[in-house]
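Note sheet for the following structure.
Numbering (my numbering), first residue to last: 33 to 422.
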């Protein structure tokens, strides 16, 4: 789950990570009022969307007076902001963050992410603040400092100092950076974050170290432990189909292809998409109905898939373990009747109650193509999506 910058900074404050004073607002007049309560004369007006590259897209503006705050708020609030992370359609700006400016001496980068290969949290830092870390990694990888913190022992103070000194900080700067890094790590582990990124992390001319930006993602599977964090979810920033799927206990992610996929199990879903691509097709989604879905959930899954106008064929690939194939078959039949599926449908059932499921589909009288294996099913659905005959 992603949250907005202003929400991330509120969490930073809770964990004693220094950030500029600011306030989230939902309109132009609110922006001016918020600026009046900040120490000027320099202010920053920032668009709040779940995407990076806002500055390059015109979503971050520096103001040197209250009149300029109003001008920038008018130009940003309600705009469709297009960045390299939003896609060509962009995102509508429905909230702003108004902050006080600061006297920047240096811009740095700081990030934390769970490294699954080492099963540790890796803390990354660089002197190249303000740049995309992927670009730094590609062009000047030697400028990225990495420190690994075992989940059991945690990040040690000497490791945080190692990062601070590696960034060329000393004295008061190094002390402030060390404390900030340790507190940020505490937040990362305490709230089950999957990503924390500060870009830029700035050193001011009076040697303060501040998080000028804040990006935080959370592990969805741990949100039940953090109800206050879960309440920060902004459904307007998410794909409506993904939000609906979550409501019904389904895992759905929209992709750019034309072949809809309905599968049980994340690993099998990935294998299904890979096999479709192997035969020249492009999956339109990742959709995992899980191990215990009922007929209604399966029917809902079909409706979500079909709400994507790009879908021109569907592959159902179920291996019944806990999930029974006859339950899936019931859901498929129910969904086909309720939604009047007008695109080719290929179904592969295997495992528990496989024969019963296949019999139910055969006796339904519906136009459904069956397959004995994933390989056969993928080949057939690609042919059908391209206008051929399976």
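Think of the CB as a built atom: it goes at the ideal place given N, C-alpha and C, for glycine as much as any other residue.
| Anticipated Cβ contact below 8 Å, residue 391 with residue 402, distance rounded | With a Cβ gap of about 11 Å, residue 391 and residue 402 do not count as contacting.
| said: Among the candidates 396, 379, 353, whose CA atom is the shortest distance from the CA of residue 385? | reply: 353
| said: Let's test the definition: count the other Cβ atoms within 10 Å of the Cβ of residue 120 and tell me whether it reaches 16, buried, or not, exposed. | reply: exposed
| request: Report back the beta-carbon spacing between residue 223 and residue 258 to the nearest angstrom; my notes put them in contact at under 8 Å. | output: 6 Å
| With DSSP run on the structure shown, which of helix, strand or coil describes residue 280? | coil
| query | Where residue 328 and residue 295 are concerned, what is the direct C-alpha to C-alpha distance, given to the nearest angstrom? | reply | 15 Å
| message | Does residue 86 pass the burial test, meaning 16 or more other C-beta atoms within 10 Å, or should it be called exposed? | response | buried
| said: What does the alpha-carbon distance come out to for the pair residue 348 and residue 377? | reply: 8 Å
| request: Any chance you could list the alpha helix (DSSP H) runs of at least 4 consecutive residues sitting entirely within the region 84-155, in chain order? | output: 98-108
| task | With DSSP collapsed to three states, give me the class of residue 287. | result | coil
| said: Let's see if you can read the secondary structure: which residues bound the beta strand (DSSP E) around residue 226? | reply: 225-236
| task | State the beta-bridge partners of residue 311 as determined by DSSP. | result | Beta-bridge pairing links residue 311 to no other residue.
| Whose C-beta lies closer than 6 Å to the C-beta of residue 362 among residues of the same chain, with five residues either side of it excluded? | 327
| message | According to DSSP, simplified to helix, strand and coil, what is residue 180? | response | strand
| message | Could you give the first and the last residue of the continuous beta strand (DSSP E) run that contains residue 345? | response | 345-352
| task | Starting from the C-beta of residue 26, find all residues in its chain whose C-beta is less than 7 Å away, skip the five residues before and the five after it, and write them out in chain order. | result | Residue numbering for the chain in the displayed model covers 33 to 422; residue 26 lies beyond these limits and cannot be assessed.
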